[in-house]
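Peer 1:
There are 2 protein chains.
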Amino acid sequence: MESSGDTLTACMDGSATQATAGADIPSSRHVPTAIATPADIRPAAEALRDIARDIGNFQVAACANIASKMPMCDADGNVLAHSIFGWPTSKEQWWKKPLLALSSPLPFACRYESDPFWVNAAGIYTRAPNPLLDQIDLSHFDELVNAQSVIVVPIHLPFGQIGVVSFSPLDNGRKDLSREFELYADQLEYHSRRFIGGYSRVTSHRPWIPKNCRLSKREVECLRWAAVGKTDVEIAMILGRSCATVRFHIHNAATKLEAVNRSQTVFKATQLGYLGSVAAVMTGGHGEHHDGAMIE
Amino acid sequence: MESSGDTLTACMDGSATQATAGADIPSSRHVPTAIATPADIRPAAEALRDIARDIGNFQVAACANIASKMPMCDADGNVLAHSIFGWPTSKEQWWKKPLLALSSPLPFACRYESDPFWVNAAGIYTRAPNPLLDQIDLSHFDELVNAQSVIVVPIHLPFGQIGVVSFSPLDNGRKDLSREFELYADQLEYHSRRFIGGYSRVTSHRPWIPKNCRLSKREVECLRWAAVGKTDVEIAMILGRSCATVRFHIHNAATKLEAVNRSQTVFKATQLGYLGSVAAVMTGGHGEHHDGAMIE
DNA sequence: CCAAAACCTCGGACTAGTGCTAGGTTTTTC
DNA sequence: GAAAAACCTAGCACTAGTCCGAGGTTTTGG
């Protein structure tokens, strides 16, 4: 209990509230779950494990990218789930069952929510209502998640990457985590974010360099409609331009993003947040009540 | 100074560190920057403004979606930048200049980084190195950002939405925020995240419901290659399958995601994190050293 | 254990959509 | 007022999407 408590006091409260009064703060605050180099992964994972245990007797499960089945490993290639977080090493399909909670409804919920939440077989409990989570199928919760309940921290990262850290009570059988969630969600979120963010930074090299990717207004406008499935002809009608013009703009955007075709252009533009979210609302909508153009 | 100090002590430290010892914690901790309903937007913005001022005499600038030029407004339609954050109301192109810091290099940096950072004309300073930020052009920093330096909190949200909150010193002329960043980044990040996250939740309705969007392994595999610009023929060669099979899988994925063509399929799959990040590394790469398949 | 339901593998032909090259026009910038 | 962007247009070769079809394999559920 002391390890997590001290750390948090130091990094989240103590320094900040007194600083304007001129208190002397150590210039390099050590956050145990932060990761700067691959060598930090193991100690950071251990720190996260200890914090979770001390706070509420939780077992940790972490995934840096819900799109990948690659397990998280330390600098020497040891799987964190086994070597640190204490999940059993079942020989076959070890990643399917025990890599925890990630089998089914949890990653789905993470796609739709950025705030921490907690789950049991009866529902998903968020701090603020999110209708999208109500549609998630929890019918096989018990089998898919090795616990009666679990606290989940979704972590949305650049380039469309989604990570997740889940905390399940070692005292199995607990079905209500509302109190723990209320108390510890902020801390768990903070450390999870540091951990997953740092891990992603040091492990995934992204050599992609869209040098001059300053898309123009028209280009984004066309891309936006293309992303929601409109064809050249439709976009041309919507924007009141010729079909060829639409193609020109999209081709220009592709050049700037160093993409070879329309799909890759949409993909890269989405990853970079050019089409973010607003387009989603248009999918089922009637257009016209959208935001209009965007920052050029 | 008292308002922010008290609040932070209560919500981030006090409760957490003592809870395991059984201290009695109020069941509903009030976070002033949290937003549950549209009516909360205004008080939350005021709280954020006050916190920023009290902490380090900062002025706030916020954008819930860097892809949209729509300004953030309260429930009555008042632009927060003017009515609360205190930015001047220039008649023409008000959103271009003063909405401030958001004009140029800042949103770009937010696309590549999920951790808070601070910037001046000489560079971008992160807690951990990020090569992608070194390529950003800061040559016109002074004109584009109405300050000599600024602390930036990027906020990555579901559906590929990217928001940002920036804090610029009211004491203009300050060029070094390293100390302030060290001390306050965590707090600023916490409140910014609550504010932007809550704002996005209550303002953007996303009626999109991909009911059964459980993509199969092959489907994601094909989509992944399609997203990086491979044609059907290329994907067929890569996977050792026929061209018809590749089309079958991608068409199936499109059906599940309720997409009408390939571009929209890639778009939706990207928004949902199915193609996240891993594919980016393949763009400039030589394939094969990728993660392989993904969770089905 | 069997059956149903997914999933996966293929082929061909036709239509709609896209990529690309080569221009011209308008607007912005210096 | 010239240069540089950005914007607009057109036609042709190619690619992707659709519709038709056939079968095999793995999961699911009774």
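Protein chains in written order, with the numbering used here: chain Z, 25 to 320; chain P, 25 to 320. Cβ atoms here follow ideal geometry from the backbone N, Cα and C, with glycine treated the same way.
Contact check, phenylalanine 291/Z vs leucine 299/P under 8 Å by CB: the rounded distance?
Peer 2: Confirmed, about 7 Å.
Peer 1: Give every residue of the same chain whose Cβ lies closer than 6 Å to the Cβ of alanine 69/Z, excluding the five residues on either side of it in the sequence, and list them in chain order.
Peer 2: Only Leu104 and Ile108 meet the Cβ criterion.
Peer 1: Kindly say whether glycine 300/Z, judged by its beta-carbon, lies nearer than 8 Å to any beta-carbon of chain P.
Peer 2: By this cut-off, glycine 300/Z is an interface position.
Peer 1: Checking 8 Å against the spacing of the C-beta atoms, do glycine 80/P and tyrosine 208/P come in under that value?
Peer 2: Yes, Cβ-Cβ distance for glycine 80/P and tyrosine 208/P is below 8 Å.
Peer 1: Can you give me the Cβ contacts of glycine 197/Z inside the same chain, cut-off strictly under 7 Å, excluding the 5 residues immediately before and after it?
Peer 2: Around glycine 197/Z: Gln172.
Peer 1: Evaluate the contact criterion for the stretch 240 to 253 of chain P versus the stretch 265 to 280 of chain P: three or more CB pairs, one atom per stretch, below 8 Å.
Peer 2: Yes, the stretch 240 to 253 of chain P touches the stretch 265 to 280 of chain P.
Peer 1: Comparing the C-beta of glutamine 83/P with each C-beta of chain Z, is any distance below 8 Å?
Peer 2: For glutamine 83/P, the answer is no, since every Cβ of chain Z falls outside 8 Å of its Cβ.
Peer 1: Can you find a C-beta in chain Z that's less than 8 Å from the C-beta of threonine 57/P?
Peer 2: So, not an interface residue.
Peer 1: Given a cut-off of 8 Å on the beta-carbon distance, is the pair alanine 293/Z and glycine 297/P in contact?
Peer 2: Not in contact: alanine 293/Z and glycine 297/P (Cβ atoms no closer than 8 Å).
Peer 1: Check this for me: beta carbons of histidine 180/P and threonine 57/P, under 8 Å apart or not?
Peer 2: It is not a contact, given that the beta carbons lie outside the stated cut-off.
Peer 1: Taking 8 Å as the threshold (C-beta atoms), are valine 226/P and isoleucine 59/P in contact?
Peer 2: Contact flag set, yes.
Peer 1: Just list the residues that DSSP pairs valine 189/P with in beta bridges.
Peer 2: BP columns for valine 189/P point to Ala86/P and Val177/P.
Peer 1: Once the 5 residues before and after isoleucine 160/Z are set aside, which same chain residues still bring their CB inside 6 Å of it?
Peer 2: So the list reads Pro129, Phe132 and Ala133, once near-sequence residues are dropped.
Peer 1: Under three-state DSSP, which class holds glycine 300/Z?
Peer 2: In the structure shown, glycine 300/Z sits in coil (DSSP, three-state: anything other than H, G, I, E or B).
Peer 1: Give me the Cα-Cα distance between histidine 229/Z and glycine 101/P, rounded to the nearest whole angstrom.
Peer 2: Rounded to the nearest angstrom, the two C-alpha atoms are 43 Å apart.
Peer 1: For a contact defined as C-beta to C-beta under 9 Å, what are the partners of leucine 181/P on chain Z?
Peer 2: The contacting residues are Ser138, His180, Gly300 and Ser301.
Peer 1: Is it buried or exposed for methionine 261/P, if we count other Cβ within 10 angstroms and need 16 for buried?
Peer 2: Methionine 261/P is exposed by the Cβ-count criterion.
Peer 1: How about lysine 199/P and asparagine 144/P: are their beta carbons less than 8 Å apart?
Peer 2: Yes, these two residues count as a Cβ contact at 8 Å.
Peer 1: Closer than 8 Å, CB to CB, is serine 190/P near chain Z or not?
Peer 2: Chain Z, which has no Cβ nearer than 8 Å to the Cβ of serine 190/P, makes this no.
Peer 1: With DSSP run on the structure shown, which of helix, strand or coil describes cysteine 267/Z?
Peer 2: If DSSP states are grouped into helix, strand and coil, cysteine 267/Z belongs with the helices.
Peer 1: Apply the 10 Å Cβ neighbour rule to arginine 203/Z and answer buried if 16 or more other Cβ atoms are within range, or exposed otherwise.
Peer 2: Result: exposed.
Peer 1: Determine which residues of the stretch 242 to 271 of chain Z have a Cβ less than 8 Å from any Cβ of chain P, and write them out in chain order.
Peer 2: Correct list: Val244, Ala250, Ala251, Val252, Gly253 and Thr255.
Peer 1: My guess is that leucine 212/Z and phenylalanine 191/Z are in contact by the Cβ rule of under 8 Å, so how many angstroms apart are they, rounded?
Peer 2: That belief holds up - the Cβ atoms of leucine 212/Z and phenylalanine 191/Z are roughly 6 Å apart, short of 8 Å.
Peer 1: Mind listing which residues of the stretch 87 to 103 of chain P have their C-beta closer than 8 Å to chain Z's C-betas, in chain order?
Peer 2: For the stretch 87 to 103 of chain P, which is checked against every Cβ of chain Z, the residues closer than 8 Å are Asn89, Ile90, Ala91, Ser92, Lys93 and Met94.
Peer 1: Thinking C-beta only, is serine 138/Z closer than 8 Å to proline 178/Z?
Peer 2: Taking 8 Å as the Cβ cut-off, proline 178/Z and serine 138/Z qualify as a contacting pair.
Peer 1: Mind checking if isoleucine 108/P is an interface residue toward chain Z, Cβ cutoff 8 Å exclusive?
Peer 2: Not closer than 8 Å to any Cβ of chain Z, the Cβ of isoleucine 108/P fails to qualify, so no.
Peer 1: Does any CB atom of chain Z fall closer than 8 Å to the CB of glutamine 172/P?
Peer 2: By this cut-off, glutamine 172/P is not an interface position.
Peer 1: I want to see whether chain P comes within less than 8 Å of alanine 105/Z, judged by CB atoms only; does it?
Peer 2: Taking Cβ atoms only, chain P never reaches closer than 8 Å to alanine 105/Z, which makes this a no.
Peer 1: Would you list the residues sitting across from tyrosine 149/P in a DSSP beta bridge?
Peer 2: DSSP output for tyrosine 149/P lists Trp142/P as bridge partner(s).
Peer 1: Have a look at Val244/P, Pro67/P, Val84/P and Leu263/P and flag the residue whose alpha-carbon is nearest the alpha-carbon of leucine 194/P.
Peer 2: Among Val244/P, Pro67/P, Val84/P and Leu263/P, the Cα nearest to that of leucine 194/P is on Val84/P.
Peer 1: What separation, rounded to the nearest whole angstrom, lies between the Cα atoms of arginine 248/P and glycine 184/Z?
Peer 2: Those two C-alpha atoms are separated by around 13 Å.
Peer 1: Determine the chain P residues that contact alanine 152/Z at a beta-carbon separation under 7 Å, and present them in chain order.
Peer 2: Here the neighbours are Ala60, Gly222 and Arg225.
Peer 1: Counting only beta-carbon separations shorter than 8 Å, does serine 216/P have a partner in chain Z?
Peer 2: No, serine 216/P does not count as interfacial toward chain Z.
Peer 1: Got a sec: is the Cβ-Cβ distance from glycine 197/P to anything in chain Z below 8 Å?
Peer 2: Chain Z, which has no Cβ nearer than 8 Å to the Cβ of glycine 197/P, makes this no.
Peer 1: Under 7 Å Cβ-Cβ, which residues of chain Z neighbour threonine 294/P?
Peer 2: What threonine 294/P touches in chain Z: Gly184, Phe291, Thr294 and Gln295.
Peer 1: When you compare only the Cα positions, how much space is there between isoleucine 259/Z and glutamine 288/P?
Peer 2: Approximately 14 Å, taken between the alpha carbons.
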